[in-house]
Amino acid sequence: YSIARRYGTTAAAIASVNGIRNWNYIYAGQRLTIPSGGGGSSSGGGSSSGGGGKWIDVDLGSQRVYAYQGNTVVRSMVVSTGTSRYPTPPGKFKIYAKYPSVTMSGPGYYLTGVPHTMFFYRGYALHGTYWHNNFGTPMSHGCINLTRADASWLYSWAPIGTLVVIHW
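Residue numbering for the sequence shown follows my numbering, starting at 1 and increasing by one per position.
Written out as structure tokens, the structure reads:
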């Protein structure tokens with residue numbers, strides 16, 4: 001955290017760009033790439049557009065999503081991500097489609113009216129959840145389940161093209 005603060009970025013962004021899964025394993029003398037404040041996803045930076053862009057940080061370990069404006073957290077949300085059988089894919093993605101309501105189906109589920117759905121990779125999405133209230137526990141088929149209120153806010157806040165960084 002002190003390294004991130006010194007360079008005007010976040011620990012999550014440094015961990016993501018360096019492929020670090022456990023922040024406790026940074027050692028003295030290790031060479032780290034520090035993401036720049038003005039970079040997009042290709043530069044490994046946290047911000048999706050120059051100097052103060054919106055981006056979404058998904059921490060699989062803590063089951064939390066952080067909405068960032070540049071290097072500032074503007075909202076923190078408790079979520080439910082994928083289980084070990086159906087994991088949420090780590091990596092850097094961009095929201096490529098948004099729908100106010102969709103039908104989702106897969107092994108063992110068929111859900112109509114899934115609210116505020118934002119797809120970021122294949123069929124994986126951030127979306128509202130009405131079928132459980134067990135946020136903070138991995139229980140999805142790989143998507144990122146948000147409360148309906150948080151999903152509504154995030155849907156309104158994040159435009160198509162917003163960077164989504166998913167990490168442990």
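Yeah, the Cβ is synthetic: ideal placement off N, Cα and C, and Gly gets one too.
Note that the coordinates shown come from a computational prediction; the quantities given were computed from them, not determined experimentally.
In the DSSP assignment, what are the bridge partners of residue i?
i, result
"Asn145", "Ser80, His127"
"Leu163", "Trp55, Lys94"
"Ala67", "Ile56, Arg75"
"Thr117", "Tyr99"
Might you give, ordered along the chain, the residues of its own chain that have their beta carbon closer than 6 Å to the beta carbon of residue i, omitting 5 neighbours on each side?
i, result
"Ala97", "Phe119"
When the Cα of residue i is compared with those of the options, which residue comes out closest?
i, options, result
"Val164", "Thr10, Ile3, Ala125", "Ala125"
"Trp153", "Arg6, Pro100, Gly108", "Pro100"
"Cys143", "Ile95, Thr81, Val114", "Thr81"
"Lys92", "Ala4, Ile3, Val17, Tyr1", "Val17"
Checking contacts by CB at 8 Å: is residue i closer than that to chain C?
i, result
"Thr117", "No chain C is part of this structure, which consists of one protein chain only."
Is residue i buried or exposed, if buried means 16 or more other CB atoms sit within 10 Å of its CB?
i, result
"Ala15", "buried"
"Pro159", "exposed"
"Tyr130", "exposed"
Assuming residue i and residue j form a contact by the criterion Cβ under 8 Å, report the distance between their Cβ atoms to the nearest whole angstrom.
i, j, result
"Phe135", "Val65", "Contact flag wrong, Cβ pair sits at about 10 Å."
Whose C-beta lies closer than 7 Å to the C-beta of residue i among residues of the same chain, with five residues either side of it excluded?
i, result
"Arg6", "none"
Given residue i, which residues of its chain have a CB within under 8 Å of its CB, disregarding the five upstream and five downstream residues?
i, result
"Arg148", "Pro115, His116, Gly128, Thr129, Tyr130"
"Met139", "Ser80, Thr83, His132, Asn145"
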